[in-house]
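Chemist:
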Amino acid sequence: MISQVLLPDNVKIGKKMKNKEYLEKEAEATLNCLDGTEKALPGPYLFTRVKAALDREEKNFWAKALTFMSRPSIAFGTIVIAVFINAFIFFEFRNESSPSGPEGEQQFANDYNLADNTIYDSTIEPE
Amino acid sequence: MDEQILIEKLKQGDEAAFKQIVETWQNMVYNTSIGILQNAQDAEDVAQEVFVQVFESIKTFKAESKFSTWLYRITVSKSLDHLRRKKRKKRFAYMQSLFNAGNQTIIEVPDFNHPGVTLDNKERAAVLFRAINLLPENQKVAFTLHKLEGLSYQEISDVMKTSVSSVESLMHRAKNNLKKSLVGHYENNE
Numbered sequence: 001m002i003s004q005v006l007l008p009d010n011v012k013i014g015k016k017m018k019n020k021e022y023l024e025k026e027a028e029a030t031l032n033c034l035d036g037t038e039k040a041l042p043g044p045y046l047f048t049r050v051k052a053a054l055d056r057e058e059k060n061f062w063a064k065a066l067t068f069m070s071r072p073s074i075a076f077g078t079i080v081i082a083v084f085i086n087a088f089i090f091f092e093f094r095n096e097s098s099p100s101g102p103e104g105e106q107q108f109a110n111d112y113n114l115a116d117n118t119i120y121d122s123t124i125e126p127e
Numbered sequence: 001m002d003e004q005i006l007i008e009k010l011k012q013g014d015e016a017a018f019k020q021i022v023e024t025w026q027n028m029v030y031n032t033s034i035g036i037l038q039n040a041q042d043a044e045d046v047a048q049e050v051f052v053q054v055f056e057s058i059k060t061f062k063a064e065s066k067f068s069t070w071l072y073r074i075t076v077s078k079s080l081d082h083l084r085r086k087k088r089k090k091r092f093a094y095m096q097s098l099f100n101a102g103n104q105t106i107i108e109v110p111d112f113n114h115p116g117v118t119l120d121n122k123e124r125a126a127v128l129f130r131a132i133n134l135l136p137e138n139q140k141v142a143f144t145l146h147k148l149e150g151l152s153y154q155e156i157s158d159v160m161k162t163s164v165s166s167v168e169s170l171m172h173r174a175k176n177n178l179k180k181s182l183v184g185h186y187e188n189n190e
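Okay, structure coming up:
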């Protein structure tokens with residue numbers, strides 16, 4: 001009598017256990033299905049493709065450099081920097097005038113080595 | 001030809017040495033990238049990018065690690081970059097489809113069939129690859145290198161620049177996550 005009452009629950013639990021076991025077995029089998037898999041092979045012309053890619057890259061270098069240089073931001077930036085450097089040099093050295101008068105002449109002579117250093121230029125005092 | 005000599009010759013720009021290097025390691029590079037990307041065309045593109053990178057940066061290879069380890073590193077990083085770019089594009093296309101509702105439809109990506117899987121395992125492998133796709137990047141890389149390339153945990157740790165215990169933990173978590181999603185899959189398809 002007691003066993004008859006308990007039987008349906010036991011069957012349910014048993015089925016569930018069996019089902020869980022079955023699912024885990026399936027999962028385990030799938031997890032190991034790659035064991036012994038052969039290696040995948042690439043197409044026959046991989047080296048030719050690599051070589052072509054290398055050649056393309058070499059040609060592309062100069063094209064890329066030119067494209068980079070001709071970008072509006074880069075070109076405009078370069079012009080701005082050049083104008084700025086020119087302006088800086090102009091304003092920096094405008095006020096630096098060279099000394100004039102005899103002082104200036106002396107400095108000029110010194111700078112260009114125009115001092116009287118030959119025998120003909122020097123005055124020899126008679127004894 | 002000896003690996004060391006080949007590398008030295010490649011450093012001097014020898015094309016024959018480069019050809020031999022490509023032919024020797026192309027299967028390894030392609031097989032790794034197809035495992036991560038799960039797309040044959042993308043894997044070919046990445047394999048090409050990997051060898052271009054090898055040619056351009058061979059001078060930086062100091063032989064502190066094995067050449068194959070260096071190559072695996074480049075392959076993994078290029079594959080992950082490719083995957084990220086693809087995901088970004090997908091997200092952008094999804095956003096666009098929201099704004100242009102009705103004009104565009106998002107194309108569902110079909111299940112991936114690895115060419116090396118035997119016929120009787122094809123269905124299971126497709127389910128597994130779908131689950132692998134849901135793993136975080138580092139778990140995916142560790143699992144793929146172990147299962148498809150047959151690398152040991154030590155070799156994986158060299159490629160990923162991490163400790164063996166970290167790889168063990170990554171693999172443990174990857175297997176647990178995969179089991180959960182596989183059980184979920186079979187439960188829903190009962």
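Going line by line, the protein sequences match chains E and G. Residues in the first sequence are numbered consecutively from 1, following this note's numbering. Residues in the second sequence are numbered consecutively from 1, following this note's numbering. For every residue, glycine included, the Cβ atom is placed at its ideal position computed from N, Cα and C. Here the structure is a predicted model, which is why all the values come from computation and not from measurement.
Within 9 Å of any Cβ in chain G, is that where the Cβ of E/Val-5 sits?
Modeler: As a first step, residue 5 of chain E must be located in the first sequence, where it is residue number 5. Because E/Val-5 carries a pLDDT of 49, less than 50, the predicted location of this residue cannot be relied on, and the following value inherits that uncertainty. No, E/Val-5 does not count as interfacial toward chain G.
Chemist: Looking only at C-alpha atoms, which of G/Asn-176, G/Thr-69 and G/Gln-20 sits nearest to G/Leu-128?
Modeler: Locating residue 128 of chain G in the second sequence gives position 128, counting from the first residue. It is G/Asn-176 whose Cα lies nearest to the Cα of G/Leu-128.
Chemist: Run through chain G and tell me which residues come within less than 9 Å of E/Glu-57, C-beta to C-beta.
Modeler: Here residue 57 of chain E refers to the residue found at position 57 of the first sequence. What E/Glu-57 touches in chain G: Val-52 and Glu-56.
Chemist: Using a C-beta to C-beta distance shorter than 7 Å, which residues of chain G count as neighbours of E/Glu-26?
Modeler: As a working mapping, residue 26 of chain E is identified with position 26 in the first sequence. Those within 7 Å of E/Glu-26 in chain G are Tyr-186.
Chemist: Decide if G/Thr-118 is buried, meaning its Cβ has at least 16 other Cβ atoms within 10 Å, or exposed.
Modeler: Translated into the one-based positions of the second sequence, residue 118 of chain G becomes position 118. Burial call: exposed.
Chemist: From G/Lys-124 to G/Ser-57, what does the alpha carbon distance come to, in whole angstroms?
Modeler: Position 124 of the second sequence, counted from the first residue, corresponds to residue 124 of chain G. Position 57 of the second sequence, counted from the first residue, corresponds to residue 57 of chain G. For clarity, residue 124 of chain G is Arg in the given sequence; the question names Lys instead. For G/Arg-124 and G/Ser-57, the distance between alpha carbons rounds to 40 Å.
Chemist: Taking G/Met-160 as the reference, which of G/Pro-110, G/Thr-75, G/His-114 and G/His-185 has the closest Cα?
Modeler: Locating residue 160 of chain G in the second sequence gives position 160, counting from the first residue. The shortest C-alpha separation from G/Met-160 is found at G/Thr-75.
Chemist: Identify, in the order they occur along the chain, each residue of the same chain with its Cβ nearer than 6 Å to the Cβ of G/Thr-69, setting aside the five sequence neighbours on each side.
Modeler: Counting from one through the second sequence, the residue named residue 69 of chain G turns up at place 69. Taken in chain order, the residues that qualify are Asp-158 and Val-159.
Chemist: On the three-pair Cβ rule with 8 Å, is the region 138-148 of chain G touching the region 24-43 of chain E?
Modeler: yes
Chemist: Can you tell me whether E/Pro-42 is buried or exposed? The criterion is at least 16 other CB atoms within 10 Å of its CB, across all chains shown.
Modeler: Taking the first residue of the first sequence as 1, we reach residue 42 of chain E at position 42. By the neighbour-count definition (other C-beta atoms within 10 Å, threshold 16), E/Pro-42 is a buried residue.
Chemist: Let me see if you follow: with CB-CB separation under 9 Å, is G/Lys-34 close to chain E or not?
Modeler: Translated into the one-based positions of the second sequence, residue 34 of chain G becomes position 34. Position check: residue 34 of chain G holds Ile in this sequence, whereas Lys was assumed. Judged by the 9 Å Cβ criterion, G/Ile-34 is in contact with chain E.
Chemist: For G/Val-46, tell me which candidate among G/Arg-73, G/Gln-4 and G/His-82 has the shortest Cα-Cα distance.
Modeler: Here residue 46 of chain G corresponds to residue number 46 of the second sequence, with the count starting at 1. Checking every option, the nearest Cα to that of G/Val-46 belongs to G/His-82.
Chemist: How many Å lie between G/Val-164 and G/Ala-17 at the Cα?
Modeler: Locating residue 164 of chain G in the second sequence gives position 164, where the first residue counts as 1. Locating residue 17 of chain G in the second sequence gives position 17, where the first residue counts as 1. If you take the alpha carbons of G/Val-164 and G/Ala-17, they lie about 34 Å apart.
Chemist: Just to confirm before moving on: does the CB-CB distance between G/Pro-115 and G/Ala-40 stay below 9 Å?
Modeler: Along the second sequence, read from residue 1 onward, the residue named residue 115 of chain G stands at position 115. Along the second sequence, read from residue 1 onward, the residue named residue 40 of chain G stands at position 40. In this structure, G/Ala-40 lies closer than 9 Å to G/Pro-115 by Cβ.
Chemist: Quick one: complete alpha helix (DSSP H) runs, 4+ long, within the region 82-130 of chain G?
Modeler: Listed in chain order, there is nothing to give.
Chemist: Taking E/Pro-72 as part of the alpha helix (DSSP H), name the residues at either end of that continuous run.
Modeler: As a first step, residue 72 of chain E must be located in the first sequence, where it is residue number 72. Where E/Pro-72 is concerned, the enclosing alpha helix (DSSP H) stretches over 72-94.
Chemist: Using Cβ-Cβ distances below 7 Å, what residues of the region 139-158 of chain G are close to chain E?
Modeler: Lys-147 and Leu-148
Chemist: Please state whether DSSP places G/Val-136 in a helix, a strand or coil.
Modeler: By one-based count along the second sequence, residue 136 of chain G stands at place 136. Correcting the residue identity first, residue 136 of chain G is Pro in this sequence and not Val. Note: G/Pro-136 maps to coil in three-state DSSP.
Chemist: Going straight from the alpha carbon of G/Lys-86 to that of E/Ala-87, what length do you get?
Modeler: Stepping through the second sequence from its first residue, residue 86 of chain G is reached at position 86. Stepping through the first sequence from its first residue, residue 87 of chain E is reached at position 87. Spanning the two alpha carbons is a distance of roughly 50 Å.
Chemist: Give the straight-line distance between the Cα atoms of G/Ser-97 and G/Arg-84, rounded to the nearest whole angstrom.
Modeler: Here residue 97 of chain G is taken as the residue at index 97 of the second sequence, counted from 1. Here residue 84 of chain G is taken as the residue at index 84 of the second sequence, counted from 1. Straight-line Cα distance between these residues: approximately 20 Å.
Chemist: Verify whether the separation of the beta carbon atoms of G/Leu-170 and G/Asn-121 is less than 9 Å.
Modeler: Here residue 170 of chain G refers to the residue found at position 170 of the second sequence. Here residue 121 of chain G refers to the residue found at position 121 of the second sequence. It is not a contact, given that the beta carbons lie outside the stated cut-off.
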